[in-house]
Amino acid sequence: MASFTHTEPGAITMETASIVHQVKLPSGLPTDEDFEVTELPLPAVADGFVAVATTIISVDPYMRPRMGAWKGAKTPPTVFGGGSIGKVTESKAEGFSEGDLVIGMWGWADRAVCKAENIRKLGPHALAVPSSALNLYGSNGLTAYMGVEQIMKPKEGETVYVSGGAGSVGAVVGMLTKRRQNNITLIGSAGSASKLEYMLSIGYDEVFNYKEETVPAALKRLAPKGIDCYFDNVGGDTALAAVHKMNSGGRIAVCGAIHVYNAKNMYRKIGSKILFGSPFEIGLRKTIMMDFPLSIGKAYGGPQPEKTISLSGGRKITWKAFTVGAFYVSKEGREAEIKIAEWVKDGSLPNAGREDVVKGSLKDLPRTFARMLSGGNNGKQVLELV
Ligand SMILES: NC(=O)c1ccc[n+]([C@@H]2O[C@H](COP(=O)([O-])OP(=O)(O)OC[C@H]3O[C@@H](n4cnc5c(N)ncnc54)[C@H](OP(=O)(O)O)[C@@H]3O)[C@@H](O)[C@H]2O)c1
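Here the sequence shown is numbered in the working numbering, starting from 68 and rising by one per residue.
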C-alpha cells in the first residue's frame, strides 16, 4: 500500500502495526492459509504525514483477482487489502487533527502512517455511519452512479437487468434506475431467497434466483420484450444470456466479473468454453468471457472506449467496461456523492446502503472475504475492528 511505505532511515519507532500479508497464491476460494498477520514497526510521523488507528476495513470482490488470477498481480508476500476508515491519532499535516475520521487505501492493517495526500476526511453525510464512506457515499455508490447515469441512462418504458442485483453495487444500481424513471421494468438476480425478498423491497419488479433457474430461462420468462440495459456484475454465462436478449440500441455497463474471480485458471477455463457453439456464438462467448473481464482489468489503467457488438437480426448494442478509480477522486465524483446524499435525504433512494458488518480482528478478514465471495454477505461487506 503506497500510503504505508513511509520508512525514512532512523525514523522507525518502537510501536508496531499488525498487518495482513498475502503469503500464497490461492487455489479457488481464498483460505486462512493464504494470509498471515505480521507485526511491523511503525514509522515516526514526519511532516506531511498522519497516523491513523483503523476502525473499519473494506472487504471487496476486486481484491480476489488481485491475488494472482490476473496477469500483473503482485507475487506474494504482499500487504493485502484496499480501502479502510480510521481515526487520526497524530497529525503533522495541515487540515488533519487528532480525532478526525479519515478514509484511505492503507489496506488490512490496524494502524498506519499515511501521506496526507493519500487520505481524506469523511464527508459530512458519511459521519453518522462512517462505513457508508466505503459504500453508498464511496466507491460502490459511485460505481452504481457511473453505470446508471453515464452508461446505461435507462429511459421510460425500457427493461433493465442487473445481475448481482442485491449486492452493495447492484442494490444501488436498482434504486438509481427507479429514481430516474419509475416506468421501467427492473429485473434482478441473486443467489438466495432472502436476497430476492430484499430486491423486491427496494423497488425491483421481477427477481430470480440464478441457482434455481438458468439465466436464459428466467430472462425468457421475465423479459418477453427483450432487455434495453444490462448492468453486469457477474460476467460469463450470465452476461452471455443477457446479451442474447438485448434489444437494438441496448447499453451494457460492464462493472465486474465475479463469476471468474475464483476460477483456478481463468484463461484455461474460458478457453475450453470457446470451443463450443456456432461461429457467432464463439465470437460472442469470446467477447463476454474474455474481453469483458480483460477490459475491466484494462479500465484500471484509465477509461476504456465504448464498444459496439452486432447481434443477429441487425441489432447493434454498445458496451463499456469501467472502473470507478479516476471518477472517485475527481471533482465530478465528489459532485455525484453530494447528489446521492441529496437523493437519500429527499427519500428517492429508500433503504439504500445496506451493510453487512462483521465485528472482529484482522484474523477474521480471510474468512469474511471468502464468505462474501461465496454469497454469504447481505449488503456491503465490512469488518469493524473490535
Ligand atoms: N467497476 C468498478 O469500479 C467496481 C467497483 C466496485 C465493485 N465492482 C464489481 O461489482 C460487483 C459487485 O461488487 P459488490 O462490492 O457490490 O459485491 P456484492 O455484490 O455485495 O457481493 C458479492 C456477491 O457476488 C455474488 N456472487 C459470487 N459469486 C457469484 C457467481 N459465480 N455468479 C453470480 N453471483 C456471484 C454473491 O451474491 P449471490 O448470493 O447473489 O451469489 C456475493 O454476495 C463485483 O463484480 C465487483 O468486482 C466493480
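Yeah, the Cβ is synthetic: ideal placement off N, Cα and C, and Gly gets one too.
Helix, strand or coil for Tyr204 per DSSP?
coil
List, from N- to C-terminal side, the alpha helix (DSSP H) runs of 4 residues or more that fit wholly inside the region 139 to 182.
none
Could you tell me which residues DSSP puts in a beta bridge with Cys296?
Val227, Arg318
Pull up the distance between the alpha-carbon of Gly214 and that of Gly317, whole angstroms please.
13 Å
Candidates Lys188, Gly171, Ala176: which alpha carbon is nearest Ser164's?
Lys188
Leaving aside the five residues before and after Tyr271 along the sequence, list all residues of the same chain whose C-beta is less than 6 Å from its C-beta, in chain order.
Gly241, Leu253, Gly255
Contacting residues, own chain, Cβ-Cβ under 7 Å from Lys138 (five flanking each side not counted)
Residue confidence for Lys138 is low, a pLDDT of 46 falling below 50, so the modelled location carries little weight; the figure read from the coordinates is stated next. Cβ within range, chain order: n/a, list empty.
Can you tell which of Arg421, Glu422, Gln448 has its C-alpha closest to the C-alpha of Arg434?
Gln448
Since Val169 and Gly153 should fall inside the 8 Å C-beta cutoff, what is the C-beta to C-beta distance between them, to a whole number of angstroms?
6 Å
Based on the DSSP secondary-structure assignment, which residues constitute the bridge partners of Gly414?
Bridge partners of Gly414: none, in fact.
To which residues does DSSP link Ser85 through a beta bridge?
Glu106
Would you check if the distance between the CB atom of Tyr228 and the CB atom of Ala309 is smaller than 9 Å?
yes
Is it the case that the CB of Gly135 approaches a heavy atom of ligand 2 more closely than 8 Å?
Absent from the structure shown: ligand 2. Ligands present: ligand 1.
Between the Cα of Ser85 and those of Asp167, Asp114, Ser397, Ala179, spot the shortest distance and give me the residue it belongs to.
Ala179
Counting only the same chain and skipping the five closest in sequence on each side, list residues whose C-beta sits under 6 Å from that of Gly115.
Ala160, Ala183
Among Arg421, Pro93, Ala113, whose alpha-carbon lies nearest the alpha-carbon of Lys262?
Arg421
As assigned by DSSP and simplified to three states, the class of Leu450
strand
Straight-line CA distance for Met356 to Gly302?
7 Å
Taking 8 Å as the threshold, find out whether the region 187 to 201 comes into contact with the region 382 to 395 through three or more Cβ pairs.
no
Buried or exposed for Val282, going by 16 or more other Cβ atoms inside 10 Å?
buried
Taking Cβ to Cβ, would you say Leu429 is nearer than 9 Å to Val104?
yes
Delimiting residues of the alpha helix (DSSP H) encompassing Ala238:
235 to 247
Keeping to the same chain, check which residues put their C-beta closer than 7 Å to that of Ala306; ignore five residues upstream and five downstream.
Asp299, Ile355, Phe359
Find out if the Cβ-Cβ distance for the pair Gly323, Ile363 is shorter than 9 Å.
yes
What first and last residue would you give for the alpha helix (DSSP H) that runs through Glu279?
Segment: none, Glu279 is in no alpha helix (DSSP H) and carries neither H nor E.
Whether Leu440 touches Tyr328 by CB criterion (9 Å)
yes
For ligand 1, any of its heavy atoms closer than 8 Å to the Cβ of Ala324?
yes
Span of the beta strand (DSSP E) holding Glu422?
422 to 427
Who are the Cβ neighbours of Glu82 in its own chain at under 8 Å, not counting the five residues just before and after it?
Pro108, Leu109, Arg178
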